[in-house]
Amino acid sequence: MQDGPEPSPLKLAYVVDSLVTGGAERLVVTFARATRNRPDIDLTVFVLSGGGTPFSDELERMDIEVVYLPGKTLLDVGRFLKLVSELRKRSIEYVHAHLTSSTVLGGWAAAFLRLPFATTIHNVKTSTARVSKIRGALYRSVLRMPGTVRIAVGQAVAKAARVDTGGRDCIVVPNAVSSDAVAPPGARAAVRAQLGMKDCKVLIAVGTIIGQKAYDDLLAAYAQVSVRVPDTVLLVVGNAPDANRYENLQKLAADLGIAEQVRFLGQRQDVPDLLSAADLFVSASHWEGLPVSVLEAMANGVPCVVTDVGDNALILDSTGAPVVPPEQPNMLARSLLDLLQDDIARKQVGQAARTRVAEHYGVNAWVEKLTKIYSNQKYQKRRFSFGLRNSTSAASFAADHRDETS
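In UniProt numbering, the protein residues as written are 1 to 406.
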């Protein structure tokens, strides 16, 4: 008796706002790397911006098809219609969006094509708070669509998202970190020699320079640390989309007398190596979801000192890592000093962190949870409904409001 034909792979679309930098973007790349040789997944990545970025280059080197869909505004009608066309042309069977704009456009396109749709919510606060009311309304309408699968990256995100989902629950699929995020042997010594900090105690912060990350609080805390432990360096790794904010941080470092000890490295492609060179990872964020940067630090055995936001306390549970209230630079400084001045405790916390991330935040389990969601809904057809007036189509609504959503 002959076996039946092999089942065809799921034609899966990931839609993401950009591939410049950030935890959500890194997760798209991580998923692509983890599934590229699987016979059950055929992934195409759709990006609502242009290419030529480190993450897009990484995907293309893996032979993952990337479709670029830059647009003038969120509801650029031409871009929306092209997204629909490209999804149809590739016979996409499931659409999964990441971040706000992709949720809006991906959700509408999937509904138009009657495809199953999921969106991952990455933060306890969405970017809609900082843009137009129309954008926020569109985002919430997709989260409340019949059939939308809402995935939260952590417990704190799931709880916070109930405001936008209208009380609807999310499936919690915690973020993961891949083995690619672990620096190779010898990286620590090489980076420290390259940056001229061979004998220094090194602190590192990783994340885009935006208000959420509270780098002003971090500098205020580090200024206190540098007085007690002067032979230290603080590395700040991340791009700065707001030039004024970046200049203000540089001025603050100068005013605090720590300009020579704080190094703004910008966006880097060797983050694992930089993490391995550090003695402490620090985050002063005012809010988070489940930050990939913390997971990557843990995977490299770097002890963490972070604020008690998002799922930070949960992912660091039982490691001994200090978790302090946000907006309290003095408390952050004390916790940093405690670990900097205790070599044994620092080593124990780093080892515990490495063990915990390996046991609870591995890529294989993460991918299996996601593919199970896709498999359960692959053959479901969706109603064409946007949570707006029944007579309003996506294209006509976009045309009516395109100037309000830029």
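Think of the CB as a built atom: it goes at the ideal place given N, C-alpha and C, for glycine as much as any other residue. Given the structure is predicted, the values throughout are model-derived calculations rather than measurements.
DSSP places Thr100 in the helix class (H, G or I) of the three-state scheme. DSSP lists Phe281 as the beta-bridge partner residues of Cys304. When secondary structure is reduced to three states using DSSP, Leu234 falls in the strand class. Look at the beta carbons and you see the segment 210-229 touching the segment 328-339: at least three pairs across the two are nearer than 8 Å.
Out of Leu295, Asp311, Trp108, the CA that lies nearest to the CA of Asn123 is found in Asp311. In the displayed model, Val294 falls within a helix according to three-state DSSP. Excluding its 5 nearest sequence neighbours in each direction, Val236 has C-beta neighbours in its own chain below 6 Å: Ala205, Phe264, listed in chain order.
Per DSSP, reduced to three states, the secondary structure at Gly266 is strand.
In the displayed model, Lys201 falls within a strand according to three-state DSSP. Bounds of the alpha helix (DSSP H) holding Asp164 are 155-165.
By the neighbour-count criterion, in which a residue is buried when 16 or more other Cβ atoms sit within 10 angstroms of its Cβ, Glu93 is buried.
At a Cβ-Cβ threshold of 8 Å, Thr119 and Ile151 count as neighbours. Bounds of the beta strand (DSSP E) holding Thr120 are 117-121. The alpha carbon of Gln194 has as its nearest neighbour, out of Ser56, Leu274, Val66, the alpha carbon of Leu274.
Between the alpha carbons of Ser293 and Gly23 lies a gap of roughly 7 Å. For the options Ile315, Asp342, Met298, Pro326, the alpha carbon positioned closest to that of Thr307 is the one of Pro326. Ala254 sits exposed, since fewer than 16 C-beta atoms from the chains shown fall within 10 Å of its C-beta. Of Asp63, Lys11, Glu359, Phe80, the smallest CA-CA separation from Ile41 is found for Lys11. Under the 10 Å beta carbon count, Ala278 is surrounded by 16 or more other beta carbons and is classified as buried. Counting the other Cβ atoms within 10 Å of the Cβ of Ser285 gives 16 or more, which makes it buried.
Leaving aside the five residues that flank Thr165 on each side, the residues in its chain whose CB is nearer than 7 Å to its CB run, in chain order, Leu143, Arg144, Arg150. In terms of CA proximity to Ala34, Val363 leads the group Gly207, Val363, Lys369, Arg90. The continuous alpha helix (DSSP H) containing Thr371 extends over residues 363-377. Closest by C-alpha distance to Arg168, out of Thr100, Asp180, Pro272, Ser141, is Ser141. Excluding five sequence positions before and after Ile64, the CB atoms of its chain that fall closer than 8 Å to its own CB belong to Ala32, Arg36, Leu43, Thr44, Val45, given in chain order. As the crow flies, the alpha-carbon of Leu27 is around 12 Å from that of Ala97. Boundaries of the beta strand (DSSP E) harbouring Arg150: 149-152, taken from the DSSP string.
By alpha-carbon distance to Gly320, the top candidate from Arg356, Val309, Gln341, Glu296 is Arg356.
Annotated three-state conformation of Glu288 is coil, per DSSP. With a cut-off of 8 Å on Cβ pairs, the segment 298-306 is in contact with the segment 337-355, counting three or more such pairs.
Residues of the same chain with a CB within less than 8 Å of the CB of Thr208, apart from the 5 flanking positions on each side, are Thr21, Gly22, Gly238, Asn239, Ala240, Pro241 in chain order. Assignment of Ala243 by DSSP, reduced to helix, strand and coil, places it in the helix class.
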